[in-house]
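Residue numbers (this note's numbering): 1180 to 1424.
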């Protein structure tokens, strides 16, 4: 029986048998099968899909089932997410999922944007979307693969370096930093407020020009990061991101 049919069985059980609940004594709320990335809670023998649905109702974290011949696969939402309105969280059309977030990029090579325009563009695509923050090498590789074949040589991400405008402070900071990069993330911050816990700077980056208003882009050729004046838009796309939960 298909996954969708198994989910419909759960719905019938919930409607026709009000007493069917899960281990936390909540009325069973069957989840429509949406995503093959559902994770398996357990696999057990089952006489029928009805039996499988009952097993799901009595198993913590089970939200839907698959019932191939003689077996019952108890399934939960991917990445530990909780169902909402009877569905597991999923990315909207045109967005790609990685972990608990969704990402998209520009696919029209002529639509290049400054850093600020890119940030506004992300917010216009969807409420809560911003230029992407990146926290692991795996996430960086994922966003790199999103744009590297769409005709752009670089893509803005959500790391920024607001300019220091006080000349005395510029001099003080420049002297303290010197010509090296011993403090390579000085004044850089993610637009979503998350910690700068991972970076992937190119070998000559960042340049520590503390008096400039800088954004950061990912290079097509390497996936490495470069700081760059926010007002530049030459051959620049953007990576937008929003979190599912």
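We treat Cβ as the ideally placed atom computed from N, Cα and C, and that holds for glycine.
DSSP, read as helix, strand or coil, puts residue 1299 in helix.
Our two residues, residue 1421 and residue 1333, have alpha carbons roughly 20 Å apart in a direct line. Residue 1245 carries a strand assignment under DSSP once its states are collapsed to helix, strand and coil.
Taking the Cβ atoms as the reference, residue 1409 lies roughly 6 Å from residue 1295, within the contact range of under 8 Å. In this model, residue 1228 and residue 1269 are separated by some 26 Å (Cα to Cα).
Buried is the label assigned to residue 1393, since at least 16 other Cβ atoms lie within 10 Å of its Cβ. Residue 1253: member of the beta strand (DSSP E) spanning 1250-1255, first to last residue. Note: residue 1336 is bridge-paired with 1395 in the DSSP secondary-structure output. Following the DSSP letters along the chain, one finds residue 1405 inside the beta strand (DSSP E) bounded by residues 1404-1408. Between residue 1418 and residue 1248, the C-beta spacing is not below 8 Å.
Taking 8 Å as the cut-off, the beta carbon of residue 1254 is found no closer than this to the beta carbon of residue 1238. A Cβ-Cβ separation of about 7 Å places residue 1411 in contact with residue 1293 under the 8 Å criterion. Judged by their CB atoms, residue 1241 and residue 1225 are not nearer to each other than the 8 Å cut-off. For residue 1318, the enclosing alpha helix (DSSP H) has its first and last residue at 1316-1326.
Within the model, the alpha-carbon separation for residue 1322 versus residue 1313 is close to 9 Å. Per DSSP, reduced to three states, the secondary structure at residue 1381 is coil, with no helix or strand assignment. The beta-carbon distance between residue 1415 and residue 1291, rounded to whole angstroms, is 5 Å. This is short enough to meet the 8 Å contact definition.
For residue 1234, no beta strand (DSSP E) encloses it; the enclosing alpha helix (DSSP H) starts and ends at 1228-1236. The alpha-carbon of residue 1246 is positioned some 17 Å away from that of residue 1256. Boundaries of the beta strand (DSSP E) harbouring residue 1420: 1415-1422, taken from the DSSP string. A straight-line Cα-Cα distance of about 44 Å links residue 1301 and residue 1223.
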